[in-house]
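Residue numbers (this note's numbering): -12 to 638. Only one structure is covered here, and it is reproduced in the block below.
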Amino acid sequence: MTHIIPRGNQYCDLKNPDVVLPYLRPPHGRLSGIHPPIAASQNSSLLVHSIRGAKRRSGNNSNNGLSHLFTPVPLKAQEAGDNAGEEMVGPVRKDEMLRVLNRFYSDQDIKDLAQENGIDKYVYQQTFINFRKFCVDSESLPVELHIILFDIIQGSGHIHDLYPIFIKHAKKIFPHLNCLEDLCSISDLTYPPNWYPEARGINRKIIFHAGPTNSGKTYHAMEQFLNAESGVYCGPLKLLAAEVFSKSNDKLTPCDLVTGEERRFGSEDGSLSKHVACTVEMTSVNTIYDVAVIDEIQMMRDIQRGWAWTRALLGICAREVHVCGEASAIELVQEMALNTGDEVEVRRYKRLTELTVEDRGLESLSNIQAGDCIVCFSKRDIHQVSRELEQKGYEVAIIYGGLPPTTKLKQAAKFNDPQHPCKVMVATDAIGMGLNLSIRRIIFHSLIKPNINEKGEKEMDTLSVSAALQIAGRAGRYGTQWEHGYVTTMKTEDLSTLHHLLSQTPDDMVQAGLHPTADQIELFAYHLPSYTLSNLIDIFINLCQVDSSMYFMCNMDDFKFLADLIQHIPLQLRSRYVFCCAPINKKMPFVCAQFLKFTRQFSQGEPATLEFVCHQVRWPFSAPRTILELVHLEEVFDVMDLYLWLSRRFH
-12 MTHIIPRGNQ YCDLKNPDVV LPYLRPPHGR LSGIHPPIAA SQNSSLLVHS IRGAKRRSGN
48 NSNNGLSHLF TPVPLKAQEA GDNAGEEMVG PVRKDEMLRV LNRFYSDQDI KDLAQENGID
108 KYVYQQTFIN FRKFCVDSES LPVELHIILF DIIQGSGHIH DLYPIFIKHA KKIFPHLNCL
168 EDLCSISDLT YPPNWYPEAR GINRKIIFHA GPTNSGKTYH AMEQFLNAES GVYCGPLKLL
228 AAEVFSKSND KLTPCDLVTG EERRFGSEDG SLSKHVACTV EMTSVNTIYD VAVIDEIQMM
288 RDIQRGWAWT RALLGICARE VHVCGEASAI ELVQEMALNT GDEVEVRRYK RLTELTVEDR
348 GLESLSNIQA GDCIVCFSKR DIHQVSRELE QKGYEVAIIY GGLPPTTKLK QAAKFNDPQH
408 PCKVMVATDA IGMGLNLSIR RIIFHSLIKP NINEKGEKEM DTLSVSAALQ IAGRAGRYGT
468 QWEHGYVTTM KTEDLSTLHH LLSQTPDDMV QAGLHPTADQ IELFAYHLPS YTLSNLIDIF
528 INLCQVDSSM YFMCNMDDFK FLADLIQHIP LQLRSRYVFC CAPINKKMPF VCAQFLKFTR
588 QFSQGEPATL EFVCHQVRWP FSAPRTILEL VHLEEVFDVM DLYLWLSRRF H
């Protein structure tokens, strides 16, 4: 049965406010028209009947947490003009109108019906506040609204008659009410393999090379890469990609290098090579290769970068996909392969050299020996330990994540050189991957490491089993002067914890990371044009559907930080998205300030030349004399890196 209520100069279906039937009203008179009017008391009973008979909608409509992410779009009050409503029925006093609106807001039947139509308490409250302000501030009300308010005040109408106009107002200030199903469809991430139709069209074979550090797993995968007609290597670091680039060309296999900041060609004439070494984020999922190598596949679980390994594994177009990493990822890769229809072969490797945990901690830096590497988890500890060693007469190699790649390579080269007087290294867990080091003994300065949790918050925790095995395994490299490796701690009291960590195997991985694409966010923006990029990301993350048995949504706090930072700068959405993907350490104010300047230059159509950059960073520099000056130089390098990264995308 269709229930109808008056709606200004029309009838309206209560359950479907957009379906209307016209009727006529003479000025200042009773209702008359094609259909007889419905009395106020009858309206009320029909409305209650409709509510009781309706089936409750399920899903996100009652999700107050999600609704709070939707901000109301400002709606301007109507300025003075021809007040047709007043001419037709008479004036409406503001105080009487407010009493009617307050009665409407408090009516439980209206609240229940709004809930049935996907309007929860938050949206209902915000809509009413906005609706009331619109009515009070408007110098002349829309004709339909004016007539309904007049009728209610005169006693010939019911407050329920305002409901259809209220719903229309809600959809204007909360546009998601019109397109929630579309938004849910866009953010449906339940089956990522479907995102890569080119890869699904190839009969792929995945070969998993599983083993610990120094087991030769990557070596065997790289042999297949070098002997293939075409291939791509996907590594976690620029250092590893550059190493593969150099070794491939040295072995007469022309290979190009592709990272976020640069592109180098293997051939002298600059033509494209059939082999490519790249960082995993730069992996092409459109080019067809004979062989692909995805290194450190366990990084799929990384809370920030995991999406890049997931994308490479699911989307790379290669007949043979060689993945290298911890055995903990085997089961997850096999499950993902079931969904992609790929065959999986597992090859297991054992460590090639012996690794011994010592019985005593180092206790004092006076006990340091040639080939030792002290691993710290903070830059402050690194500089403190290195200074103490230098005061004792040692030449020290220093490696940590903030150093430029070429500096890391030079530090590693002098440490590895048997003829060089540098015999000791101080490093962070950056040595866990990406560098070939001739280390005799790993010494953990501490087993407590700062981590980023699922919420993106920094917390101090005991080193993970995976990280402990990865770092300790760097001691005793096959084919070097230190083939037998040793591992210990600075304090003897930490040895029991170290023994416990190294005696375990990493927990099996259960989830791989995902990340919204620029296309998905653009579609969101089409439906919600007045929302900021950061707000769109929040809505996407909260609305998206993910198969939690296999995937998780990566943390996007850094992306949102940059989105908020440049929100005031006018940019096209696609360009804004790309800028927010820039690899920036948000804890470096100098780098963030330069990022803002680059963004403004681009927005204003002004070129950001090398001369412009040098002027901004006040190039050239003198050699740093303090730790603060060294840190500033690291920030300048990051700015130069950022400039190269942006130049690869906007040129």
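Note that CB positions come from ideal geometry on N, CA and C, so glycine has one too. Fair warning: this is a prediction, and the values are worked out from it, not measured in the lab.
Between residue 579 and residue 593, what straight-line distance do the alpha-carbon atoms span, to the nearest angstrom?
19 Å
Within the same chain, show all residues whose beta-carbon is closer than 8 Å to that of residue 38, passing over the 5 residues directly before and after it, in chain order.
Since pLDDT at residue 38 reaches only 36, below the 50 mark, its modelled position is unreliable, and the value read off the structure follows with that caveat. Closer than 8 Å at Cβ, skipping near neighbours: 96, 99, 100 and 103.
Which residue from 161, 330, 587 and 542 puts its Cα closest to that of residue 563?
587
If we require 4 or more residues per run, which alpha helix (DSSP H) segments fall completely within the region 472 to 533?
482 to 489, 505 to 514 and 520 to 530
N-terminal and C-terminal residue of the alpha helix (DSSP H) that residue 540 is part of:
For residue 540, there is no enclosing alpha helix (DSSP H); the residue is part of the beta strand (DSSP E) that begins and ends at 538 to 540.
Can you grab the Cα-Cα spacing for the pair residue 228 / residue 345, in whole Å?
34 Å
Identify whether residue 250 lies in helix, strand or coil by the three-state DSSP scheme.
strand
Cβ atoms of residue 434 and residue 450: under 7 Å apart, would you say?
Yes; because the gap between Cβ atoms is below 7 Å, this pair is in contact.
Go to residue 582, then tell me how far its alpha helix (DSSP H) extends in each direction, as first and last residue.
576 to 590
Do the CB positions of residue 330 and residue 192 come within less than 7 Å of each other?
yes
Roughly how many angstroms separate the alpha carbons of residue 73 and residue 127, rounded to a whole number?
8 Å
CB contact flag (residue 242, residue 252, <7 Å)
no
Shortest alpha-carbon distance to residue 367 belongs to which of 405, 334, 384 and 415?
Considering only alpha carbons, the answer is 415.
Quick one: Cα of residue 570 to Cα of residue 596, how far?
20 Å
With a Cβ-Cβ cutoff of 7 Å, do residue 359 and residue 308 count as a contact?
no
Under 8 Å, with one C-beta from each stretch per pair, do the region 553 to 568 and the region 200 to 208 reach the 3-pair mark?
no
Expected contact under 8 Å - CB spacing of residue 540 and residue 533 to nearest Å:
6 Å
Bounding residues of the alpha helix (DSSP H) (the contiguous stretch that carries residue 318)
317 to 327
My parser needs the beta strand (DSSP E) runs of 3 or more residues fully inside the region 278 to 321; what are they?
304 to 312
Using the DSSP secondary-structure output, state which residues sit across from residue 437 in a beta bridge.
447
Opening and closing residue of the beta strand (DSSP E) in which residue 197 lies:
192 to 197
Apart from the five residues just before and just after residue 174, which ones in its own chain have a Cβ nearer than 6 Å to its Cβ?
527, 530 and 531
If you run the structure through DSSP and keep just helix, strand and coil, what is residue 641?
Any question about residue 641 goes unanswered here, given that the chain covers just -12 to 638.
Grab me the residues of residue 137's own chain with a C-beta within less than 7 Å of its C-beta, minus the 5 sequence neighbours each way, in chain order.
76, 77 and 79
Within 10 angstroms of the Cβ of residue 81, are there 16 or more other Cβ atoms? Answer buried if so, exposed if not.
It counts as exposed.
Can you tell me whether DSSP reads residue 386 as helix, strand or coil?
strand
Check whether the region 259 to 276 and the region 293 to 305 are in contact - that is, three or more C-beta pairs closer than 8 Å.
yes
Counting only the same chain and skipping the five closest in sequence on each side, list residues whose C-beta sits under 6 Å from that of residue 465.
201, 339 and 340
What is the rounded straight-line gap between the Cα of residue 471 and the Cα of residue 430?
15 Å
CB contact flag (residue 246, residue 261, <7 Å)
no
Near residue 630, which residues of its chain fall below 6 Å by C-beta distance, leaving aside the five closest residues on each side in sequence?
600
Where does residue 568 sit, in a helix, a strand or coil, going by DSSP?
coil
By how many angstroms is the C-alpha of residue 71 removed from the C-alpha of residue 169?
38 Å
Between residue 220 and residue 280, is the Cβ-Cβ spacing less than 7 Å?
yes
Identify whether residue 367 lies in helix, strand or coil by the three-state DSSP scheme.
Taken through DSSP and simplified to helix, strand or coil, residue 367 comes out as helix.
Residues in its own chain within less than 6 Å of residue 54 by CB, not counting five upstream and five downstream?
Around residue 54: 107, 109 and 110.
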